[in-house]
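These notes are about the structure you will find just below.
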Amino acid sequence: MSPAECNLKAEPISFECWRRFLEQAVISKSMQDVRRKHKRYDVEGELKVRFVQCRKEYTRTWSLLQLSYGGVTAKANNEVPIDLTVEMGINVGGHLLGARGSVSHCTETLGGYKVGIQLEFQEDA
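Laid out in structure tokens, this is it:
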């Protein structure tokens with residue numbers, strides 16, 4: 006499946022599916038930060054996002070910066086609102102995964118905005 010074919014109409018994924026994706030796609034570069042709930046992994050990849058804002062649908066491609074067990078951080082060209090729901094196609098080294106989440110932070114940085122997205126997981130049965 007190419008990045009263009011990655012499903013952007015994604016439902017919440019299971020935490021187990023996300024955990025397996027992280028183990029397969031991310032080589033741990035051990036960025037342990039004791040202030041954080043989840044370890045961050047620096048990655049190179051892209052994040053294709055689809056979202057609706059002011060009744061208009063947008064599709065964008067952002068550079069991935071980090072992955073964690075709770076979500077993703079990417080670099081966007083434009084500011085996006087907190088709590089915005091996004092559907093994503095995550096591509097790290099040819100490993101592809103569709104997911105959904107909501108923007109938890111958006112901070113201006115050199116050349117764009119650092120956007121944190123908290124993933125939505127299916128309820129455990």
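Going by the numbering used here, the sequence shown opens with residue 6, and the numbers climb by one from there. All residues carry an ideal CB built from backbone N, CA and C; glycine is no exception. Just so you know, these numbers come straight off a predicted model, no measurement behind them.
Quick check: what's the CA-CA separation for residue i versus residue j?
i: Val97; j: Gly106; result: 18 angstroms
i: Ser68; j: Arg60; result: 25 angstroms
i: Ser73; j: Arg25; result: 12 angstroms
i: Leu52; j: Glu84; result: 16 angstroms
i: Ile122; j: Thr90; result: 9 angstroms
i: Glu21; j: Val120; result: 24 angstroms
Give me the Cβ distance between residue i and residue j, rounded to the nearest whole Å; I'm assuming they're in contact under 8 angstroms.
i: Arg55; j: Glu92; result: 5 angstroms
i: Ile87; j: Ser109; result: 7 angstroms
i: Tyr46; j: Ala81; result: Not quite, the Cβ-Cβ distance comes to about 19 angstroms (not below 8 angstroms), so this is no contact.
Mind checking who residue i pairs with in its DSSP beta bridge?
i: Asp47; result: Gln71
i: Ala30; result: Looking at the DSSP assignment, Ala30 forms no beta bridge with any residue, so it has no partner.
i: Cys111; result: Val120
i: Leu65; result: One point to set straight first is that residue 65 is Arg, not Leu, in the sequence displayed. Answer by DSSP bridge pairing, in chain order: Val54.
i: Phe126; result: Ile18
i: Asn96; result: Glu51 and Leu101
Just checking: is the beta-carbon of residue i within a distance shorter than 9 angstroms of some beta-carbon in chain B?
i: Ser73; result: Considering every chain present, this structure includes no chain B. It has just one protein chain.
Quick one: is residue i buried, meaning 16 or more other Cβ sit within 10 Å of its Cβ, or exposed?
i: Val57; result: exposed
i: Leu115; result: exposed
i: Gly99; result: exposed
i: Ser35; result: Unreliable positioning characterises Ser35 in this predicted model, as indicated by a pLDDT of 46, which lies under 50. A coordinate reading is not provided.
i: Thr78; result: buried
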